[in-house]
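To keep things clear, I will list the structure first and then write my remarks on it.
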Amino acid sequence: MTGQPLPGFRDFFPPEHAALRGIFDAWREASRCGGFTEYEGPELESLELYTEKSGDEIVGQLYHFLDKGEREVALRPEMTPTLARMVASQHRNYRKPIKWFSIPRLFRYERPQKGRHREHYQWNCDIVGEKSPMAEAELIATLCLGLSLLGLSAEDVVVKVSDRSWWDSFLEKQGVGEKEKPTILRTLDRLEGATPEQRREKLGPLAGAVEKVWEGKMEDSTALGEVRRGVEALGYGSWCETDYRVVRGLAYYTGVVFEVHDRAGKLRAVAGGGRYDDLLKRLGGEDLPAVGFGMGDAVLAELLRDKKIEGAKVAGAEIFVVAEKPEQGMAMGLVGQLRRSGFSADFDPGAGKWGKQLEMAEAKGARWALLVGREVAEGKLGLKELATRKQSEIRWTKSADGKICLEPTPGEWAKVLS
Ligand code: HAM
Numbered sequence: 074m075t076g077q078p079l080p081g082f083r084d085f086f087p088p089e090h091a092a093l094r095g096i097f098d099a100w101r102e103a104s105r106c107g108g109f110t111e112y113e114g115p116e117l118e119s120l121e122l123y124t125e126k127s128g129d130e131i132v133g134q135l136y137h138f139l140d141k142g143e144r145e146v147a148l149r150p151e152m153t154p155t156l157a158r159m160v161a162s163q164h165r166n167y168r169k170p171i172k173w174f175s176i177p178r179l180f181r182y183e184r185p186q187k188g189r190h191r192e193h194y195q196w197n198c199d200i201v202g203e204k205s206p207m208a209e210a211e212l213i214a215t216l217c218l219g220l221s222l223l224g225l226s227a228e229d230v231v232v233k234v235s236d237r238s239w240w241d242s243f244l245e246k247q248g249v250g251e252k253e254k255p256t257i258l259r260t261l262d263r264l265e266g267a268t269p270e271q272r273r274e275k276l277g278p279l280a281g282a283v284e285k286v287w288e289g290k291m292e293d294s295t296a297l298g299e300v301r302r303g304v305e306a307l308g309y310g311s312w313c314e315t316d317y318r319v320v321r322g323l324a325y326y327t328g329v330v331f332e333v334h335d336r337a338g339k340l341r342a343v344a345g346g347g348r349y350d351d352l353l354k355r356l357g358g359e360d361l362p363a364v365g366f367g368m369g370d371a372v373l374a375e376l377l378r379d380k381k382i383e384g385a386k387v388a389g390a391e392i393f394v395v396a397e398k399p400e401q402g403m404a405m406g407l408v409g410q411l412r413r414s415g416f417s418a419d420f421d422p423g424a425g426k427w428g429k430q431l432e433m434a435e436a437k438g439a440r441w442a443l444l445v446g447r448e449v450a451e452g453k454l455g456l457k458e459l460a461t462r463k464q465s466e467i468r469w470t471k472s473a474d475g476k477i478c479l480e481p482t483p484g485e486w487a488k489v490l491s
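End of the sequence shown sits at 491 in the working numbering; the numbers just go up one at a time, nothing left out.
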């Protein structure tokens, strides 16, 4: 035993977990503001769901095995096939467009490196049943809102938008057949960071035409123009740029695609998505258009660290009830009641020395110490604000139904001690 998790897997100790929760909170809040509702699916799916729908790159990274019932199964490497499967089976029960979000933990056997792991959390927002490019605009605006809730701005990140159908007709014009297209699209997806010589080597006869695209001299396709106008109308125009070099590695995209990158270009994509109008039909469902994105927690956390944006902190209990052994019963009664009233309350189960308990309260980050001393028999408790060391007296009485009543109530403590 090494004490370490498997390579590429992460332990989240409380400080890291608090930061992760902060990211989830921003994702949930942006989803709520954008009108997306939450769903979840199984971590384990049939292997076939991915071999047929995701494309070679992800298939090569699958964690898959034969289960005890001899089924070929895989840990989910992405959420889109699960979403498509779920929607294909029940879409009649939902009014279109369907706007759903989820924060699944995903598994890919990748080479671990900065911002890349073998598991990650991914915020997914998808819109199903809407052909209009305003759906893409909605998604881009929602992801920008999520990033801005975390303290990032258009100066930190850029949403690069591109169009797979534009690439389709480009490749057709170059005489590339349907069968060769997926391989070429995958090559194009991996050209980031390549020198012009390397590009020539990888693309062969296509290199000359592709070089012009790389020089960035192309005009927006009709779909891209509309998406960008929609994003502008929703207030995020400055976050968005056309960049045809974005092709996306996944096989199912059919139209506009996009990726979020840090402006400095130091990290891998923070998020990626696009339109996948054929996937539901290919899963045996209705012919429903769909578009969505996934944003990973790991690259995002790297970016927040780079930008020195502090993550959410570990929050201990708000109230620490201090009492030595003889008063512990009363203290526990208070703790239970405070918790039932919605306050976070803690105490020392070992009922250590008074001073040690106060130290414990501070170390745990409590705001208040509620002091249950000998004077408790006279209906008196002490209240201490740990940061300011200000102290006050609290009166307690018992109501007819046995409830302990505090005067002033916890809601009034801040006022009393100000
Ligand atoms: P993807 O580009 O494969 O898209 O992943 C989206 C984001 O997830 C990436 O930009 C990256 O931030 C994060 N990510 C992916 N793999 C890893 C990894 N091994 N370690 C850490 N982070 C990672 C999809 O998965 C699509 N299904 C997104 C989508 C939703 N398209 C339509 N709807």
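Think of the CB as a built atom: it goes at the ideal place given N, C-alpha and C, for glycine as much as any other residue.
query	result
Sufficient close CB pairs (3 or more, under 8 Å) joining the region 167 to 174 to the region 378 to 389	no
C-beta contact flag for residue 367 and residue 477 at 8 Å	no
According to DSSP, residues forming a beta bridge with residue 193	179
Environment of residue 147 [buried if 16+ CB atoms lie within 10 Å]	buried
Any non-hydrogen atom of ligand 1 closer than 7 Å to residue 181 Cβ	yes
Residue range of the beta strand (DSSP E) that includes residue 379	Segment 370 to 379 is the alpha helix (DSSP H) holding residue 379; no beta strand (DSSP E) there.
Cβ neighbours of residue 187 in the same chain (closer than 7 Å, five flanking residues each side left out)	375
Three-state secondary structure (DSSP) of residue 410	helix
Nearest residue (CA-CA) to residue 428, options 451, 190, 296 and 395	395
The region 239 to 256 touching the region 334 to 352, judged by at least three CB pairs closer than 8 Å	no
Nearest neighbour of residue 449, chosen from 438, 156, 460 and 469 [CA to CA]	469
Residue 221 (DSSP reduced to helix, strand or coil)	helix
N- and C-terminal bounds of the alpha helix (DSSP H) containing residue 392	Counting along the chain, residue 392 falls outside any alpha helix (DSSP H), though it belongs to the beta strand (DSSP E) covering 392 to 396.
From 215, 190, 203 and 76, residue whose alpha carbon lies closest to that of residue 307	215
DSSP state of residue 257 mapped onto helix, strand, coil	helix
Close Cβ partners of residue 372 (< 6 Å) along its chain, the five nearest in sequence each way excluded	188, 340, 341 and 343
Secondary structure of residue 82, DSSP reduced to three states	coil
Stretch pair the region 352 to 363 + the region 182 to 201: three plus CB contacts closer than 8 Å	yes
Residue closest to residue 159, alpha-carbon to alpha-carbon, out of 115, 482 and 180	115
Residue 348 classed as buried or exposed, judged by whether at least 16 other C-beta atoms fall within 10 angstroms	buried
Beta-carbon proximity of residue 206 to residue 346, cut-off 8 Å	no
Between the CA atoms of residue 422 and residue 162 - distance to the nearest angstrom	51 Å
CB of residue 370 within 8 Å of CB of residue 96, strictly	yes
Contact test: residue 368 Cβ vs ligand 1 heavy atom, cutoff 7 Å	yes
Reduced DSSP secondary structure (H/G/I, E/B, other) of residue 271	helix
Whole-Å CB distance - residue 239 paired with residue 317, under 8 Å assumed	7 Å
For residue 96, the first and last residue of its enclosing alpha helix (DSSP H)	87 to 106
Pick from 330, 164 and 102 that is closest to residue 208, judged by C-alpha positions	330
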